[in-house]
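Enquirer: Per the numbering used here, the sequence shown starts with residue 103, numbered consecutively. One structure follows; several queries about it will come next.
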Amino acid sequence: MLLFKTLAALLAITPLVANAQSACSNPSLRKEWRQLSDSERSAYLTAVKKLKARPRGPSAGASIASWNYDQFVITHLENVDTAHGIAAFLPWHRLFINGFEAALRTIDPSVTLPYWDWTLDSQNPRASDLFS
């Protein structure tokens with residue numbers, strides 16, 4: 103049963119894979135949140151806000167890049183049991199995060215998804231620049 107749920111969770115986000123190219127000609131460069139320039143932060147936050155305001159995209163047969171913010175949240179919540187604590191955790195989330203970035207890039211092609219190096223804030227997370 104768990105295998106079936108895992109496969110179903112992966113299939114929920116596989117439209118992205120169907121649109122993948124065989125070779126990456128322009129890879130994204132992930133930057134830690136603190137490494138983003140003010141203009142990069144602004145572009146990222148603006149794209150997220152526009153993704154949140156975007157109408158719901160088709161859920162079946164369309165690219166994950168056409169989703170709105172809430173569709174990402176709902177898909178993640180609906181697949182918590184099948185995408186966490188299993189061997190497919192990393193591949194599932196890699197596809198999911200790539201899909202989220204692809205959706206942001208439909209709004210602003212210059213945007214890349216930043217990451218948070220939580221080890222820099224592990225002693226005092228409340229003081230992190232990420233939460234200010």
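Heads up, the beta-carbon is just placed ideally off N, CA and C, and yes, glycines get one too. All of these numbers come straight from a predicted model, not from anything done at the bench.
#1: Would you kindly work out how many angstroms separate the C-alpha atoms of LEU215 and LYS133, rounded to a whole number?
#2: Which two residues bound the contiguous alpha helix (DSSP H) that contains THR167?
#3: Who are TYR217's beta bridge partners in DSSP?
#4: Taking 9 Å as the threshold (C-beta atoms), are PHE174 and PHE202 in contact?
#5: To which residues of the same chain is LEU212 closer than 7 Å at the C-beta, ignoring the five residues directly before and after it?
#6: Pick out whichever of SER168, PRO157, SER127 and ALA164 has its Cα sitting closest to the Cα of LEU206.
#7: Report all residues from its chain with a CB closer than 8 Å to the CB of THR208; omit the five preceding and five following residues, and keep chain order.
#8: Does chain C have any CB closer than 9 Å to the CB of GLY187?
#9: Using DSSP with H/G/I as helix, E/B as strand and the rest coil, what is ASN200?
#10: Within a Cβ cutoff of 8 Å, which residues of the same chain sit near LYS154, ignoring the five residues on either side of it in sequence?
#11: On the DSSP letters alone, give me the boundaries of the alpha helix (DSSP H) that SER144 sits inside.
#12: Helix, strand or coil: which one does DSSP assign to ILE209?
Expert: In terms of the structure at hand:
#1: 8 Å
#2: Note that residue 167 is Ala in the sequence shown, not Thr. Careful: ALA167 lies outside any alpha helix (DSSP H) and carries neither H nor E.
#3: GLU134
#4: Cβ atoms of PHE202 and PHE174: closer than 9 Å.
#5: As written in the sequence, residue 212 is Ser, which differs from the Leu given in the question. Result list for SER212: ALA145, in chain order.
#6: SER168
#7: ALA167 and SER168
#8: You won't find chain C in this structure, because it holds only one protein chain.
#9: Here ASN200 sits in helix by DSSP.
#10: ASN170, TYR171 and ASP172
#11: 140-155
#12: Under the three-state reduction of DSSP output, ILE209 falls in the helix class.
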